[in-house]
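Novice:
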Amino acid sequence: MRALIVDDSRAMRRIVGRILEGAGFEVLEAGDGQEALDVLEGLDSPPELSCVDWNMPVMDGFTFITEVRKRPEWRSITLMMVTTESEMDQIVRALAAGAHEYLIKPFTGEAMLEKLDLLGLLPTTTGV
Amino acid sequence: MTISAAPDQALVLAAIEQVWGSMLFASAEPWPSDLPAVFETGVQAQIELRGDWNGRLVLTCDSVVATQIAGAMLGLDPGEDLPEPDVHDAVGEVLNVVGGSVKGALTGNSALGLPGVTGTTEVPGRDDSFVVSWGEAPVYVQIVPDAA
Amino acid sequence: MTISPQAFTFVRELVRAESAIVLETGKEYLVESRLVPLARAGGHADVDAYVADLSKRRTPAAMKQVVEALTTNETSWFRDSDPFTALRQTVFPALAKTRSNRTLRIWAGACSSGQEPYSIIMTALDTPELAGWKIELVATDLSEEMLDRSRKGEYSQLEVNRGLPATTLVRHFERAGLNWRINQSIRERVEFRQLNLTRPFPPMGRFDIVFLRNVLIYFDLPTKRDVLKRVRQVMTSDAHLFLGAAEMTMGVDDAWERVPAGRSSVYRIREEQGTCVH
Chain A
-6 MRALIVDDSR AMRRIVGRIL EGAGFEVLEA GDGQEALDVL EGLDSPPELS CVDWNMPVMD
54 GFTFITEVRK RPEWRSITLM MVTTESEMDQ IVRALAAGAH EYLIKPFTGE AMLEKLDLLG
114 LLPTTTGV
Chain B
2 MTISAAPDQA LVLAAIEQVW GSMLFASAEP WPSDLPAVFE TGVQAQIELR GDWNGRLVLT
62 CDSVVATQIA GAMLGLDPGE DLPEPDVHDA VGEVLNVVGG SVKGALTGNS ALGLPGVTGT
122 TEVPGRDDSF VVSWGEAPVY VQIVPDAA
Chain C
505 MTISPQAFTF VRELVRAESA IVLETGKEYL VESRLVPLAR AGGHADVDAY VADLSKRRTP
565 AAMKQVVEAL TTNETSWFRD SDPFTALRQT VFPALAKTRS NRTLRIWAGA CSSGQEPYSI
625 IMTALDTPEL AGWKIELVAT DLSEEMLDRS RKGEYSQLEV NRGLPATTLV RHFERAGLNW
685 RINQSIRERV EFRQLNLTRP FPPMGRFDIV FLRNVLIYFD LPTKRDVLKR VRQVMTSDAH
745 LFLGAAEMTM GVDDAWERVP AGRSSVYRIR EEQGTCVH
């Protein structure tokens, strides 16, 4: 399985990437929404998952998921917002625009794995 | 905690404690007021809030502390080297998450800017800031409303 | 990276002495994962180095931190997810067919900070077969402090990130400063009471469903056996018992049978046990 991490912070991409690699994903990265669209255009088949920050330069994450949802060939991508934006209104907006899940920063590795479990993206259920 | 339209020290400190604890595996305590809190070469991160309250949050610390914060966030071994742009990026992201938590706790709607990080040699005044501890070192936090 | 046998033994003995909780062999991963943050915060290369340092210094504050890290029952929403899917798809619909008074009585036996009982209520609200039913949920815990937290229903950002689907968050929670509070309409459906599982139970009536997850692991075998026996006595003959994924009744109390429910299992009282009534 492959995952595209879209976040303008390299540190955050590294943290999310490490968690996803631990869960068996091959990781792709982009620093903003436009770069992420370019990455998707260049792939033969879409990744199973994309973790998307909200506030980014050039194109923000909300615009990115809106753009992804316009494209039928990318319908299979599971979209998870991973952002510090945490107002109720914004979570509702992101879900309405096509995000499947929403993980609020700060988060722990366990929390991200549990979200992947909810999305059916973990090979086996985990849990201590 | 009271819920208000403008961020106060208690709210920002609570947000920092949460971020320190979960992302950096460290605890943030208020700095003792009678202790000097100085450093020479520092890193300053800022993030803007726009909406019912307009202003910015500013975080200033010694560059060694900034490197330690970045190292803790990335899970590096103590002493492992990290280039300056990566340190700035990590400290900026820490403040971004603090800013988002603060914004989410305020009443009304507002927007969060992108974090900006620069080097600085100026230690903020104790009067317009509060100081939290990173281990044995001070981290200055300022809540700066736009000039009226 | 795994914890060394010496370090594990030290931690196990420390926790046993301070809390009477037994960390059996096989719980190394638990010790490791809970102590990594403490080791890192203290600047140690790994958990072994941290434990070695601890066993040398024996600072009371540091020892207390270790015990707390291992005994704090950090709970997620819909913990392990499968039991809640089983509840909605299998257990609730089956019981809905056999209860003419349209009432279900549920006991959450170690509710900790409240995520489990509230998850049960939210699951019942999502079960069409239970529309308009009365759900009586009694949630108990040993700790008054945990019960107070549960009653308040307020959770940090980190806590609502744990296993709670975003759609459920927006439906059943509201912001409370940095925290989130579960809606009054959910809170008022749960009755919280103090209860020590190792003592005789107070009068509670009989239950159709009992959740007793991830608590038996902390007891020794005779205590486990005794608790399971007394749990049987407060269950209806066709009731369902949910245990933690790593727990089972086999070899402890053979009056139970394990029944598959979705991807999970539940325990039912064997029919030949004549001690139970409807």
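Protein chains in written order, with the working numbering: chain A, -6 to 121; chain B, 2 to 149; chain C, 505 to 782.
For every residue, glycine included, the Cβ atom is placed at its ideal position computed from N, Cα and C.
Considering aspartate 645(C), what are the terminal residues of the beta strand (DSSP E) in which it resides?
Specialist: 638 to 645
Novice: Could you tell me whether the segment 81 to 101 of chain A touches the segment 652 to 671 of chain C, using the rule of 3 or more Cβ pairs below 8 Å?
Specialist: yes
Novice: Going by alpha carbons, who is nearest to arginine 127(B) out of Leu60(B), Gly93(B), Ala38(B)?
Specialist: Ala38(B)
Novice: Quick test of your reading: leucine 42(A) and threonine 71(A), contact by CB under 8 Å. State the CB separation rounded to the nearest angstrom.
Specialist: 5 Å
Novice: Per DSSP, what kind of secondary structure is asparagine 683(C) in: helix, strand or coil?
Specialist: strand
Novice: Determine contact between the segment 685 to 700 of chain C and the segment 549 to 567 of chain C, defined as no fewer than three beta-carbon pairs at a distance below 8 Å.
Specialist: Counting Cβ pairs under 8 Å, fewer than three are found: no touch.
Novice: List the residues that DSSP assigns as beta-bridge partners of glutamate 41(A).
Specialist: Answer is none; glutamate 41(A) lacks a bridge partner.
Novice: Hey, does methionine 2(B) have any beta-carbon neighbour from chain C nearer than 8 Å?
Specialist: Residue confidence is low: methionine 2(B) scores 48 on pLDDT, short of 50, so the model does not pin down where it sits. Its coordinate-derived value is still stated next. Interface residue, yes.
Novice: Between which two residues does the alpha helix (DSSP H) containing isoleucine 70(A) stretch?
Specialist: Neither: isoleucine 70(A) is in no alpha helix (DSSP H) and is coded neither H nor E.
Novice: Do the CB positions of valine 20(B) and valine 98(B) come within less than 8 Å of each other?
Specialist: yes
Novice: Out of Val133(B), Val142(B), Pro139(B), which has the shortest C-alpha to C-alpha gap to proline 31(B)?
Specialist: Cα-wise, what sits closest to proline 31(B) is Val133(B).
Novice: Whose C-beta lies closer than 7 Å to the C-beta of isoleucine 507(C) among residues of the same chain, with five residues either side of it excluded?
Specialist: Glu532, Val535, Glu536, Val551, Asp552
Novice: Give me the chain C residues within the contact set of glutamine 19(B), using Cβ-Cβ distance strictly less than 9 Å, ordered along the chain.
Specialist: Near glutamine 19(B) (Cβ distances below 9 Å), the residues of chain C are Ser660, Gln661, Leu662, Leu682.
Novice: When Cβ atoms are compared, which residues of the segment 47 to 71 of chain A fall closer than 9 Å to chain C?
Specialist: For the segment 47 to 71 of chain A, no residue has a beta-carbon sitting nearer than 9 Å to a beta-carbon of chain C.
Novice: Tell me the DSSP secondary structure of glycine 120(A) in three-state form.
Specialist: Residue placement at glycine 120(A) is flagged as unreliable, the pLDDT there being 39, under the threshold of 50; a coordinate-derived value is accordingly withheld.
Novice: Runs of 4 residues minimum, wholly inside the segment 53 to 79 of chain B: which ones carry the alpha helix (DSSP H) assignment?
Specialist: 64 to 75
Novice: Using a 10 Å radius around the Cβ and a threshold of 16 neighbouring Cβ atoms, would you call histidine 782(C) buried or exposed?
Specialist: Caution is warranted here: a pLDDT of 48 is assigned to histidine 782(C), below 50, making its placement in the model unreliable, and the coordinate value is therefore given only provisionally. So histidine 782(C) counts as exposed.
Novice: What separation, rounded to the nearest whole angstrom, lies between the Cα atoms of serine 34(B) and leucine 12(B)?
Specialist: 19 Å
Novice: Apart from the five residues on each side of it in sequence, which residues of its chain come closer than 6 Å, Cβ to Cβ, to serine 559(C)?
Specialist: So the qualifying residues of the chain are Phe514.
Novice: Our contact map puts methionine 752(C) next to isoleucine 773(C) with C-beta atoms below 8 Å; I'd like the distance itself, whole angstroms only.
Specialist: No, methionine 752(C) and isoleucine 773(C) are not in contact; Cβ-Cβ is about 15 Å, not under 8 Å.
Novice: Leaving out five residues before and five after proline 146(B) in sequence, what residues of the same chain have Cβ atoms less than 6 Å from its Cβ?
Specialist: Hits under 6 Å: Gly56.
Novice: Let's see if you can read the secondary structure: which residues bound the beta strand (DSSP E) around arginine 762(C)?
Specialist: That run of the beta strand (DSSP E) goes 760 to 765.
Novice: Using 8 Å for Cβ pairs, my map puts leucine 518(C) next to methionine 567(C). What's the rounded Cβ distance?
Specialist: 6 Å
Novice: Whose C-beta lies closer than 8 Å to the C-beta of leucine 699(C) among residues of the same chain, with five residues either side of it excluded?
Specialist: Contacts found: Gly613, Thr644, Asp645, Leu646, Phe705, Pro706.
Novice: Taking the alpha-carbon positions, what's the lysine 104(B) to proline 621(C) distance?
Specialist: When only Cα atoms are considered, lysine 104(B) and proline 621(C) end up about 30 Å apart.
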